[in-house]
Each structure stands twice: as C-alpha cells, then as structure tokens.
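Protein chains in written order, with this note's numbering: chain A, 1 to 136; chain B, 1001 to 1327.
So, in structure tokens, the structure goes:
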C-alpha cells in the first residue's frame, strides 16, 4: 500500500483512488470522522484546498466541493480569503425519514460487505459497539 | 587531436549516462514500465536491459570511431551528429524496450494521505544554498570589472571541433558580461523550478533529495558560466571548462541514484492511463504540478497543470534571449 512517510503528527485523512468510492465522498467521510471524534475541534483551520489536492492527487474542485458539503452540514465556516475553519455544531435530531433510511441503508450495506468478506456477525456487532463508544 | 579526444570523452560520457539509465530508476520501474520489484532479475527484465545496452555500446563505438577517424572536412558535421545519434539511439531503444515490456505492466495501488493542519511547508535549511551560484556569478562580474583593463580587446568565445576559435567577442558590456547575464537567467529559472518542485509536489522523503539535486544543477550552471566569463582573463583551458561540470554531474548522478532509488516509500499510485508514452504525465484530476517520473530519477511535470507550461515558457524565453545577451 502506498502511504506517505509521516512528516509530523496530526489528524490525517486518507483516500484510495482504487476503492471505487468517489474521492469527494472519501474526503467528506474522513473529515466527518475527525470532527465527530473531536480530533479536529472548533477553531481549527484546515489546510488550503490546493495543499490537500496536491497531497491527495485530486482536483482542486474535488476538495473545494468536499469543504462545501461539510460547510452545508454545519461543520465548517468557509470565508473567502480566510480558508476553512471548523465551527461548533449542534447535533441535530434526524427527523427526515428519507435521510434516516439513507443512513440506515448505508450502514446495512457496510455490514453486508463485512459479512461477505467473512467477518462474523458477532465480531461486527462488537466492532460497532466499540466504535459507537469512542465516537462522541 | 586533443579536441578529437575531448569530444570522444564527451560522447563516452553521454553514452555512459544512457547506458546506465535502466539503473537510474526505482526498482519498480524498468524502461518507464511499472513492474514488480523483482522483475529486473527475471529473464525478460535482463534480456531487455542487455538489448538496450548492446545498441548503446555499438552506437557510442561508432560515434567515437567516426570522431577519431573522420577527415578534417567532416569533423564539424561528425561533432554535431554524433551526440544526437547517441541520444536518439537511446530514446528509440528505450521506447522499443518500453513497448516490449508493456505486457508486464502493473498498476501501482494504495492510498494517499494528508495531515489536516496548517503547519507551514517550510523549505529545508539547506535551501539557502540556492543563493550560492548568484554569489559566484556576482563575484565573477566584480572581478571582471576590477580587471577590465587586462581583458583583451578581442577574445575567442566559441571553438570548432578542430579546437580552433571560430567566433570572437569584443571588450564590451555584452561581450564581457554576456555569459554572466545568461548564467543569471538560467540559474534564476532553475531556482524557480526548485521552488515550484518543492511546493507543487506531494510531501515525501524524495522531495528534499530532488530539491538538493536541482540546487546542485544550479551550481553546475553558475560555475560553468562564471568560468566561461572569466576565461579571457584567466585563459582556463577549454577542456577544463567542458570536463569539470561533467565530473560534478557524474558525482551528482551517482549520489542522486543512490539516494532516490532507496526503497523509502512505495511508488506514487499515479494512474497508468495518465502517462503518455510512459514518460509524459497528463492528469487534469491531479492537483500536483510535479510527480515522480517513471523514466528515471526525479520529478516531471503534470502537463495538465497550466503552470507546467508557464515554466516551460520561461525556459523558452531564457533560450530565446541568447542572441540578445551573448556576443
């Protein structure tokens, strides 16, 4: 696996171009994990779109779109000339039924993928419990 | 005869570089084809390297023979054609082996990651050395200024294959300082390339090595043009001016080859389909301006990035300025 040498310690995101998952979704999902886990706290400034695009080998627009999606979710404040800054966010209650179904189906798909790769249901349940405890 | 021997040495030097080129790349690359690391030791890998080198040895031997034996009337033409023939043979044979090995090509896979912090991407400490060549050129200019009266009114600036001067310059600002102007231009361009390479490529352990290599090239060029500029005063032999940069270049290539072929990190998983002829990288979806090259050590442009064309235009302008700055 191609993984860059760690130059400094800090929260990192990783994408795999061969995974078949669009790069923008990989970036959004990875950053959201860092926000939820508190590795990127409010007030933190994210690196520029250019730097992230160069390091991840994606187009600048891909990173900009990821930042915009996260801003729309309420994680980031995008101010022209100031860059992307993590902002405090109140956790909303999922009231939209369609949104709830979408999240449920994504989780179901992931569990099915794990099962298809030979991981037992008990292991998956344990793993999910452990993740739910760690993720705030 | 001395000039013939110097030119033969130059051809052998060029030939040696081409001969060694299969070794001047990562183990995961052979003739710019991405292959498994142990492929070089396979029968197909060894055969490809052997065939390539056989052709190069034959062409270099022919070029050196022609230079030593050709009549005086053909000397200039031989001097011009021989190095082109060696390089052309290298390119054609490289492409030939590249095609032959295409069936063994693999796609480098893996993930890329980035640290989500705004920690500055500082240049390494040794980067200040990039100012050295400008100091050398300025020192040469100062020395020429201080000894202006000792500079001959007319002095040779170009020599034919027979070793005889065939172009002269006069003691004017352009004639005396021309090589220094041009040296400053080319060193400035190399410095811009070094900075663009640092800030326009992915962070990796080979990036500082690349920066060091480019700065070393800047030194070679700076020294070369400083030596050329002071030649009318010092009468440095032409062979010394020709061969000394070559010696430094050989040392640089050896160091760079050792440094950059170390298996520090896996190969950057640039998509195979974005490599045109396995040499030119064109990927509009990659934000990088420079990526690790496949046909040797170092970095190459991502030609889908418009800044690559701007940098190349800079080189064209530097070359186009020759008639204006050199006598």
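Just so it is clear, CB atoms sit at the ideal spot from N, CA and C, and this is done for glycine as well.
- For a Cβ distance threshold of 7 Å, residue set 1114 of chain B lies close to residue 52 of chain A, ordered along the chain.
- Taking 8 Å as the threshold, the shortest C-beta distance from residue 1050 of chain B to chain A does not fall below it.
- Taking 8 Å as the cut-off, the beta carbon of residue 1190 of chain B is found closer than this to the beta carbon of residue 1214 of chain B.
- In the three-state reduction of the DSSP assignment, residue 1158 of chain B falls in the strand class, which pools E and B.
- DSSP places residue 129 of chain A outside any beta strand (DSSP E); the residue lies instead in the alpha helix (DSSP H), whose first and last residues are 121 to 134.
- Across the stretch 1275 to 1294 of chain B, CB contacts with chain A closer than 9 Å involve 1283, 1284, 1285, 1286, 1287, 1288, 1289, 1291, in sequence order along the chain.
- Using a Cβ distance threshold of 8 Å, residue 1267 of chain B and residue 1034 of chain B count as a contacting pair.
- The DSSP-derived three-state label of residue 1122 of chain B is coil.
- Residue 1227 of chain B is positioned such that its CB atom lies closer than 8 Å to that of residue 1241 of chain B.
- Listed in chain order, the non-local C-beta contacts of residue 1202 of chain B below 8 Å within the same chain comprise 1112, 1268, 1288, 1291, local neighbours out to five positions each way being set aside.
- If you draw a straight line from the Cα of residue 1046 of chain B to the Cα of residue 1220 of chain B, it comes to about 34 Å.
- Relative to residue 1080 of chain B, the option among B/1262, B/1004, B/1315 whose CA is nearest is B/1004.
- Secondary structure note for residue 1177 of chain B: it is in no beta strand (DSSP E), and the uninterrupted alpha helix (DSSP H) holding it is 1173 to 1199.
- Exposed is the label assigned to residue 135 of chain A, since fewer than 16 other Cβ atoms lie within 10 Å of its Cβ.
- Taking a beta-carbon distance threshold of 8 Å, residue 1036 of chain B does not count as an interface residue toward chain A.
- CA-to-CA, the gap between residue 1049 of chain B and residue 1300 of chain B works out to about 23 Å.
- The beta carbon of residue 1200 of chain B falls within 8 Å of a beta carbon belonging to chain A, placing the residue at that interface.
- Annotation: residue 1296 of chain B is outside any beta strand (DSSP E) and is labelled neither H nor E by DSSP.
- Distance between residue 71 of chain A and residue 1310 of chain B, taken at the CA atoms: about 34 Å.
- When C-alpha distances from residue 1019 of chain B are compared across B/1051, B/1040, B/1026, B/1039, the shortest belongs to B/1051.
- Secondary structure at residue 105 of chain A: helix, using DSSP grouped into helix, strand and coil.
- Around the beta carbon of residue 1058 of chain B, fewer than 16 other beta carbons lie within 10 angstroms, which makes this residue exposed.
- In the displayed model, residue 90 of chain A falls within coil according to three-state DSSP, outside both helix and strand.
- If you compare the alpha carbons of B/1182, B/1285, B/1326, B/1183 with that of residue 1167 of chain B, the shortest gap goes to B/1326.
- The shortest C-alpha to C-alpha distance from residue 1231 of chain B to any of B/1147, B/1039, B/1099 is the one to B/1147.
- Here the C-alpha atom of residue 102 of chain A lies approximately 24 Å from the C-alpha atom of residue 38 of chain A.
- At a cut-off of 8 Å between beta-carbon atoms, residue 1118 of chain B makes contact with chain A.
- Burial check for residue 1294 of chain B: the Cβ neighbour count within 10 Å reaches 16 or more, so the residue is buried.
- Residue 79 of chain A has A/83 as its beta-bridge partners, per DSSP.
- Think of a sphere of 7 Å around the beta carbon of residue 125 of chain A: no beta carbon from chain B falls inside it, the nearest being about 27 Å out.
- In this chain, the alpha helix (DSSP H) harbouring residue 1307 of chain B covers 1306 to 1320.
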